[in-house]
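Beneath this line is the structure, given in structure tokens, with notes to follow.
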Amino acid sequence: MSRYLAAVDIGATSGRLLLASSPKEEDLKEIHRFKTPLVDDGDGHCHWDVKALFDEIVAGLKKCRELGTVPSRLGIDSFGVDYALLDEDDHLVGEVISYRDRRTDGVTAKFMSKERLFSLTGIQPQNFNSVYQLFLDRESGKLARASSLLFLPCYLAYLLTGTKANELSIVSTSGLFSSAKRTYVPEILSELGLDASFFGATVHSGESLGHLRKELVEEIGYDIEVVSSLNHDTAAAFLGSGAEAGDILISSGTWSLIGVILPEPIVTPDAMAAGFTNELSRPGEVRFLKNVVGMYIVNRLRDELTAGLPFSSVVESARASTYEGNFDPTLDSLLNPENMVDEVTRLLIEGGYPRPEKPGDYFKAAYLSLALAYGKTAFELNEIAHVEPKGICVFGGGSQNLYLNELTSEMTGLPVKKGPSEATGLGTILAIDG
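In the working numbering, the protein residues as written are 1073 to 1506.
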């Protein structure tokens, strides 16, 4: 009888429950897909409907039973920084606010200096980081009503098991935790009026969180062990990438995460100025990388310009375009603009380029901008991290875009190889396979 492992992979726009009988990509099967339930509250405010998200996980587990492929273990990964605040009775305090919420606009100027935060944590200060969200929660009074915090995938694991713990890779995205010392930073916590006990136990991937709550066993029809995987989706994707020594890694999806694995963080002014961050994975591994707004730009452009157009046609129109304009895809203004077409148009015109005339021009500009950002980052990795890359390993959903891969090879001067499109789910399976 086969032994199955389940991975719940939650992206910013959609999530899936994946099942595998072995930690190999060819054995990975999608059982249940769902939209990540982002609720628009209006006026630029948005939150995650965590009840609906949890219900989708339960629905996926029920499908496993119906298919006769009951898993023995489950792990969860998601995007970083967002969290649930719990009161003394472990009930939610307010909503789980999305990192795309506009409340953090301009917040970086209101807390500690960016330079100080980077020197203490190794994490690039970006307005959506947990540290800034918590600062705003303190200002609003929301934080005073909370007794503990669980990052999003850890909160979902708590709903499944009743075990409260935060896993290292997701903790490291917060801007509260030292990538060098592997501890919460007292100076930052003091500024927020918190101490480390507020975050509870920090666990590593592979540690068991226990089995399902009794009422869930009755509802789903079987029990399962929930294991702390690499909860941050980028950590999981890097693990599942199949990259070789000497490769630059690009996790290509809603975000493009480009970097290398190092044994220790690089916390220098040059690293900060270039936009690098130091995230943690397994013991002895630091992901030294840069966050670039990735396929989210293309997805939004497609929705606004040519809703429903197949992505193969999006790529064909970009390839056929002669437009040569580009923009900086690392800008905060691209995180969640009211209108992506207007924002990209503004950036192109400010850059001295003509207004794009047709949808293919916009898609070409987006792909070219991403490839140029990859090339710039490859150069910076050589200068700052002193790595001499042999090639680039692209993985995740965007790895199947051969046109972008061609542009990336052209802009970096390096060969590009395609890693698993399901690298994140595969990494989660690898992390819980024990």
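We put the CB at the ideal spot given by N, CA and C, even for glycine.
| Item | Value |
| --- | --- |
| Local Cβ density within 10 Å of His1163, reported as buried at 16 or more and exposed below that | exposed |
| Test item: CB-CB of Ile1320 and Ile1456 under 7 Å | no |
| Cβ-based neighbour list, Ser1191, same chain, cut-off 7 Å, excluding 5 preceding and 5 following | Val1339 |
| For Phe1383 and Glu1429, the rounded distance between their alpha carbons | 20 Å |
| Identity of the residue in Arg1210, Gly1485, Val1289, Ser1220 nearest Lys1134 by Cα | Val1289 |
| Where Leu1321 falls: helix, strand or coil (DSSP) | strand |
| Backbone secondary structure at Ile1330 - three-state DSSP | strand |
| Residues that His1104 bridges to, as DSSP identifies them | Leu1089 |
| Residue-level contact to chain B via CB, Leu1224, 7 Å cutoff | The chain inventory of the structure shown lacks chain B, comprising one protein chain alone. |
| Whole-number beta carbon distance between Val1364 and Val1386, since they are thought to touch under 8 Å | Contact flag wrong, Cβ pair sits at about 19 Å. |
| Rounded C-alpha distance that separates His1283 from Gly1347 | 40 Å |
| Any non-hydrogen atom of the ligand ATP within 6 Å of Tyr1446 CB | Judged by which ligands are present, the structure shown has none, so any question about the ligand ATP falls away. |
| Endpoints, the beta strand (DSSP E) within which Thr1507 is located | Because residue 1507 is not part of the residues shown, which for the chain are 1073 to 1506, the question remains open. |
| Three-pair Cβ contact test at 8 Å for the stretch 1352-1362 versus the stretch 1301-1311 | yes |
| Extent of the continuous beta strand (DSSP E) to which Gly1147 belongs | 1143-1150 |
| Where the beta strand (DSSP E) containing Val1364 begins and where it ends | 1358-1365 |
| Distance CB(Leu1222)-CB(Ala1156) smaller than 7 Å | yes |
| Spatial neighbours of His1276 in its chain, beta-carbon cut-off 6 Å, leaving aside the 5 residues before and after | Leu1240 |
| Assumed close pair Ser1441, Asn1398 - CB separation to whole angstroms, cut-off 8 Å | 4 Å |
| The stretch 1112-1131 touching the stretch 1171-1191, judged by at least three CB pairs closer than 8 Å | yes |
| For Pro1431 and Gly1424, the rounded distance between their alpha carbons | 19 Å |
| Distance, Gly1140 Cα to Ser1313 Cα | 29 Å |
| Beta-carbon spacing of Gly1272, Lys1236 below 7 Å | yes |
| Rounded C-alpha distance that separates Leu1406 from Tyr1230 | 33 Å |
| Integer-rounded CB distance, given that Ala1084 should sit under 8 Å from Thr1402 | Thr1402 to Ala1084, Cβ: 17 Å. No contact. |
| Thr1445 vs Thr1484 beta-carbon contact at 7 Å | Note on residue identity: the sequence assigns Ala, not Thr, to residue 1445. No, they are not a contact pair. |
| Straight-line gap, Glu1259 to Glu1160 (C-alpha atoms, nearest Å) | 25 Å |
| Cβ separation of Phe1330 and Leu1311, assumed to be a contact under 8 Å, to the nearest whole Å | At residue 1330 the sequence reads Ile, which differs from the Phe that was named. No, Ile1330 and Leu1311 are not in contact; Cβ-Cβ is about 16 Å, not under 8 Å. |
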